[in-house]
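Trainee:
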Amino acid sequence: MRRLTLFVSSFLVLFLEVSLIRWMPAYIRLLSYFSNFILLASFLGIGIGCLLANRRRNLFLLFPPLLGAVVLAVDRLRLEVAIPSSTSIYFSSGTAQQVTAVESTMLLPLLFISVAALFVTVAQRMGRELASRPPLRAYTINLLGSLAGVAAFALVSWLELPPAVWFAIVAVVAAPFLLEARWPTAAGNLALLAIAIVGVVHQMERGSLWSPYYRITVHQDRTDTVVEVNNIFHQSMAPVDQKEYFYQWPYTVFGDTFDNVLILGAGTGTDVAAALRHGARHVDAVEIDPVILRLGAQHHPDRPYSDPRVTLICDDARHFLRTTTKRYDLVVFALIDSLTLQSSFSSVRLESYMFTEESLRAVRDHLAPRGVMALYNYFREKWLVDRLANTVTLAFGEPPRAHVHEDRAYLAVMLAGPRLAELRAPPAPPSQFFAYGQPQAPSPARDLARDPGVVPATDDWPFLYMRAPGLPRHYAMALVVVLLVSALAVLAAVRTETGSGVVSRRFHAARDEVNRAVRAVMGIDVVVGIAGDRVGARDGAREHARRGARGAAPPLDCGRDPVRPAGAELPAADRASGPQ
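Per numbering that gives the first Met the number 0, the very first residue in the sequence shown carries number 0; after that it's consecutive.
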């Protein structure tokens, strides 16, 4: 067993790290935008744990109560990060659950400290195992265990398994270390883990679906089927005639004459239903989240994904644009706004690269000679509308036709492309629209008076929702507090360990091994990601080449449960998973 302890402890550290990064933002609103604080906290905890490896007291025995405290706090406190600034936009409204808003400069450091303390307990054991072996062998075993932890979490995510399974894996892996204590202590700690997993985590996730990106809940609100992600309203499913006007507006402006339509960010299918309603001969619906695609296939009242004219494509929109050779009469940006980051190593949101100059140029290059692009969303701030309009101007060489509803959260609708030249006069914007959860009163639109001074978004600076380049004040303040806490914690750990303020050479080596292992895991993750992207691009190009040769093709694979070709029957397990 001793030969495996370093491997198992390394597995536990990495698996727990990615589990918390995925789980905590699903319940603490807006933490999705700050998940790198959890990553930094785990790094700090790992470092301090290794510094305390030579300490006689076994800190691992504190792991179950600390994990239980974190789980209980997330469940009961219902915290939300409060952002005191309008220089960045965070989508947070739309759900009626009661929460307690806490200033970001307070909540983020508190979460940082709690997560770091949790990792101190598991990393101390890993540090002991590192220090008891020759450095090269210890490094190799540590790296293999870390990679196994990351791979295991990738597998459970691909299988769409719920968090109760994640934490059950954590408990099983931790059990051998807990059983080394005296029986009453070991039994009590195992009972605490069981209560935390079964009594809290499992109860929290009831009625939830777990996609690769979100915790998703579905419920019925009168005639609308509402989809929430990470406790935030995301979209609703209703007949297209009951939805806002902008879904059908491009077709009415140009007279229902779009044969081939591309929907980017198709979601549950309302934009697709609008295209079918207005006579589109073929629609390619691109959506990155396979669970949301399945929900649309199951629950949308217009059944757009059952129409044989529709091809469902589960893919990143930029990747699709890079690999397809098709041209379209209409390309629609379908209310694209994500509620999470691309990864925990980044501050870029999932859809940020969709609205850059380079992305819009790719859309322009895939328009037919008489093609047009439509972009609409609730943008919350005037400067964000200006940024998008300026970016469209750079990409298309001329300003878009755009109007704004200022009293409807700056709903903006933009049209761009060569077909605009056929319009003899600007289209008259409508005076009212229907919207889920909003008054049905008239809301007159105004032509956009664009501010050309707002910086456009590019691949080099894709921060769409940040008003100007720089570090947001609330983020900087929270980061300063975190740095101070980190410095004090490291100094305290060093003094506790050595008594004289000098860290032993042996534990310098152990700490360096941990740092190298973390960097190696991140490096391998990047290499694998790049390799996967290259393979995906190659396969995607072949797929789209075949599609061009045959005229049609089955939709791309969406992971564990690919979305079926339009019109195919869903399996019984999926048909039964209706709103909870």
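Cβ atoms here follow ideal geometry from the backbone N, Cα and C, with glycine treated the same way.
Distance, Cα to Cα, A333 vs A195?
Mentor: Roughly 40 angstroms separates the two Cα atoms.
Trainee: Within the continuous alpha helix (DSSP H) that includes V384, where are the two ends?
Mentor: That run of the alpha helix (DSSP H) goes K381 to F395.
Trainee: Contact check, S18 vs W182 under 8 angstroms by CB: the rounded distance?
Mentor: No, S18 and W182 are not in contact; Cβ-Cβ is about 28 angstroms, not under 8 angstroms.
Trainee: Taking its Cβ as the centre, do 16 or more other Cβ atoms sit within 10 Å of R549, making it buried, or is it exposed?
Mentor: Unreliable positioning characterises R549 in this predicted model, as indicated by a pLDDT of 40, which lies under 50. The coordinate reading is nonetheless provided below. R549 is exposed by the Cβ-count criterion.
Trainee: Is E128 near L5, with beta carbons less than 8 angstroms apart?
Mentor: Against a cut-off of 8 angstroms, the Cβ pair of L5 and E128 comes out as a contact.
Trainee: Where does D270 fall in DSSP's three states?
Mentor: Residue state, collapsed to three classes: helix.
Trainee: Alpha carbon to alpha carbon, how far is A424 from D581? Give it in angstroms, no decimals.
Mentor: Outside the shown range of the chain (0 to 579) lies residue 581, about which nothing can therefore be said.
Trainee: Hey, how far is the Cα of G535 from the Cα of I37?
Mentor: Summary for G535: the model assigns pLDDT 43, below 50, so the residue's position carries little reliability; its value from the coordinates is reported in the next sentence. Answer to the nearest angstrom: the Cα atoms are 30 angstroms apart.
Trainee: Would the beta-carbon of G46 fall within 8 angstroms of that of A116?
Mentor: No, the pair does not count as a contact, with Cβ atoms beyond the cut-off.
Trainee: Is the beta carbon of G268 less than 8 angstroms from the beta carbon of H299?
Mentor: Yes; because the gap between Cβ atoms is below 8 angstroms, this pair is in contact.
Trainee: Could you check what DSSP says for F332 in three-state terms: helix, strand or coil?
Mentor: Strand.
Trainee: Taking only three categories from DSSP, how would you classify Y246?
Mentor: Here Y246 sits in helix by DSSP.
Trainee: According to DSSP, is G469 helix, strand or coil?
Mentor: In the structure shown, G469 sits in coil (DSSP, three-state: anything other than H, G, I, E or B).
Trainee: For A408, which of L30, A427, T139 and A444 has the nearest alpha-carbon?
Mentor: For the residues L30, A427, T139 and A444, the minimum Cα distance to A408 belongs to A444.
Trainee: For E356, collect the residues of the same chain with a Cβ closer than 8 angstroms to its Cβ; drop the 5 residues on either side in sequence, then sort them by chain order.
Mentor: Here the set comprises T390, L393, A394, P455, A456, T457 and D458.
Trainee: Could you check what DSSP says for F354 in three-state terms: helix, strand or coil?
Mentor: Three-state DSSP puts F354 in a helix.
Trainee: Would you mind reading off the limits of the alpha helix (DSSP H) that contains Y138?
Mentor: P134 to W157 is the extent of the alpha helix (DSSP H) around Y138.
Trainee: For A367, which of F257, P249 and S41 has the nearest alpha-carbon?
Mentor: Of F257, P249 and S41, the residue nearest in Cα terms is F257.
Trainee: On the criterion of 16 or more Cβ atoms from any shown chain inside 10 Å, does V197 qualify as buried, or is it exposed?
Mentor: Label assigned to V197: exposed.
Trainee: Thinking just about the alpha-carbon of each residue, which of D255, G48 and D220 is nearest to the one in L490?
Mentor: Nearest C-alpha to L490: G48.
Trainee: Taking Cβ positions, are Q241 and A273 nearer each other than 8 angstroms?
Mentor: Cβ distance not < 8 angstroms, so Q241 and A273 don't count as in contact.
Trainee: Between the alpha carbons of L422 and L478, how many angstroms are there, rounded?
Mentor: Taking the straight line from one Cα to the other gives about 52 angstroms.
Trainee: Less than 8 angstroms between the C-beta atoms of V260 and V331, yes or no?
Mentor: Yes; because the gap between Cβ atoms is below 8 angstroms, this pair is in contact.
Trainee: Would you give the residue range spanned by the alpha helix (DSSP H) that R214 belongs to?
Mentor: Taken as a continuous stretch (DSSP letters only), R214 belongs to no alpha helix (DSSP H), being part of the beta strand (DSSP E) at R214 to D220.
Trainee: Helix, strand or coil: which one does DSSP assign to N188?
Mentor: Helix at N188.
Trainee: At the level of alpha carbons, what is the spacing between F354 and V484?
Mentor: Answer to the nearest angstrom: the Cα atoms are 37 angstroms apart.
Trainee: Using the Cα positions of R75 and A185, report the straight-line distance between them to the nearest angstrom.
Mentor: For R75 and A185, the distance between alpha carbons rounds to 26 angstroms.
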